[in-house]
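Heads up, the sequence shown is in this note's numbering, so the first residue is 1414 and it goes up one at a time. A virtual CB, placed ideally from N, CA and C, is assigned to each residue, including glycine. Values in this document were obtained by computation on a predicted structure and should not be read as measured data.
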Amino acid sequence: MPPRTDPDVPALYRVSSAAQADLDAREPLCWVDRHPVRFLVDEAVERAAHYIRERFSDPLTVTEIAGRALLSRFHFSRVFKEETGISPGRFLTAVRIHEAKRLIENTSMNIADVSAAVGYTSLGSFTQSFTAGVGVSPNRFRRLSRGAGEGLPGPEPDPRPGRGAVAGTISLPEGHGNARVYLGAFGTAVVQHPSVASVVVDVPSGRPSCYSLENVPEGDWHLLAVAVAAGVGPGPQARRTALVGGHGPATVTVTADTVTSAAVRLRPARPVDPPVLLALPELEPPATVTARPGCAAATAASVSAGRSRAAGHLRTVSAAPVPSRP
């Protein structure tokens, strides 16, 4: 195996001699054409994500996190965003707000103490960040988590006049029971306030289910999903699994009076996945589910009716990238 300082290795992936010794103490790298192309990046980003999740209450800097990943700050910031969809700083903020949600929901700590526990030095800054990401204030979230107070935040109106729809199927990974899925269209790669459109769909075990997301404003949106799946076999209640997913890393383009076709796939969460911030409805897996076929056709009809347009004015397109010609 060539050393990590080999001149044939792109500068992005070179590390110092000390860092190389640390890497050599771990499992061997997988080299593709003598370059640690994917393995090194994945390991670096995952190591950084673990570090953020362990030390979120500390005053972390991007330089410190990059050092943990054994990469320069510039290259680390780039590959981290490529892998997670957001910057290291935004990932840290998301982890802090997610931990604050857990503390507010499960403890009697006052909001000021929660703010300090997750790394904020200003209660005002914490309240602003929490409300922006979750969609409700910390105090309102506590009331909601205890079955009191106002309703959950819904999609926010978008000023763009054009509206379309997104339709397709939602698939569960193998080995899971029925699931209840929250699916939304977001402006970022994080499930955070606000969504521009959302729907809750029940998906049966072992087969995809149709969904239709209507009244989506024109534009490019991240199609993101969160679910709770029942277990299989005896006592499934004890083995419920939280799942996340979406329509790949790419955004979905929505145009007016058009139904965009996009498949959504769910999977168990990984350390590099940004935490879910939005206050969601309770996702209780249903005992029985009947999958609905004909997703795109059903959506086209409903959008047409809702906008008082003829069905012929709607067309269905795919969200998959068009393959380039050789």
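Sixteen is the threshold: since fewer than 16 other Cβ atoms of the shown chains lie within 10 Å of the Cβ of A1525, the residue is exposed. The residue among G1581, S1611, E1627, V1614 with its C-alpha nearest the C-alpha of G1575 is E1627. A straight-line Cα-Cα distance of about 43 Å links A1669 and G1532. The beta-carbon distance between P1607 and G1548, rounded to whole angstroms, is 7 Å. This is short enough to meet the 8 Å contact definition. Taking a 10 Å sphere around the C-beta of G1588, we find fewer than 16 other C-beta atoms and assign the residue as exposed. Scanning its chain for C-beta atoms nearer than 8 Å, with the 5 sequence neighbours on each side dropped, one finds around I1517 the residues I1524, V1527, P1551, F1554, R1555, S1558, in chain order. In the three-state DSSP reduction, G1659 falls in the strand class (E or B).
With a 10 Å radius around the Cβ and a threshold of 16 neighbouring Cβ atoms, T1474 comes out exposed. Distance check between P1472 and each of R1481, H1488, L1505, Q1541 places L1505 closest, using alpha-carbon atoms only. Rounded to whole angstroms, the gap between the alpha carbons of A1592 and D1615 is 6 Å.
D1571 has no beta-bridge partner at all, per DSSP. Here the C-alpha atom of L1679 lies approximately 24 Å from the C-alpha atom of R1509. CA-to-CA, the gap between A1675 and V1612 works out to about 15 Å. In this structure, V1665 sits away from H1511, with a CB-CB distance that is not shorter than 8 Å.
For D1633, the CB contacts under 6 Å within the same chain, skipping 5 residues up- and downstream, are T1664, T1666 in chain order. In this structure, T1673 places its C-beta atom within 8 Å of the C-beta atom of V1579.
Restricting attention to L1637, S1470, I1478, A1602, the CA atom closest to the CA of G1659 is found in L1637.
In the three-state scheme derived from DSSP, where H, G and I count as helix and E and B as strand, D1526 is classed as helix. Looking at the backbone, the Cα of H1635 and that of V1492 are separated by about 19 Å.
The C-beta distance from A1530 to S1470 rounds to 6 Å, short enough to fall under 8 Å. Annotation for H1635: no alpha helix (DSSP H) segment contains it, though the beta strand (DSSP E) segment containing it runs 1632-1642. Residue pairing of F1543 in beta bridges, as defined by DSSP: absent, with no partner found. For T1666, the uninterrupted beta strand (DSSP E) segment begins and ends at 1665-1667. Counting along the chain, L1557 sits inside the alpha helix (DSSP H) bounded by residues 1551-1558. Within the same chain, V1547, G1548, V1549, F1554, L1557, L1565, P1566 come within 7 Å of A1692 by CB-CB distance, once the 5 residues on both sides are set aside. Cβ neighbours of T1582 within its own chain (closer than 8 Å, five residues either side excluded): P1621, S1622, C1623, Y1624, A1676, V1677, C1708. In the three-state reduction of the DSSP assignment, V1475 falls in the helix class. Collapsing the DSSP output to three states places R1593 in a strand.
For a cut-off of 8 Å, the C-beta gap from A1461 to R1486 is around 11 Å, too long to register as a contact. Collapsing the DSSP output to three states places V1629 in a strand. Taking 8 Å as the cut-off, the beta carbon of A1610 is found no closer than this to the beta carbon of V1639.
Comparing alpha-carbon positions, the option among R1683, T1701, P1662 lying closest to E1495 turns out to be P1662. R1678 carries a strand assignment under DSSP once its states are collapsed to helix, strand and coil.
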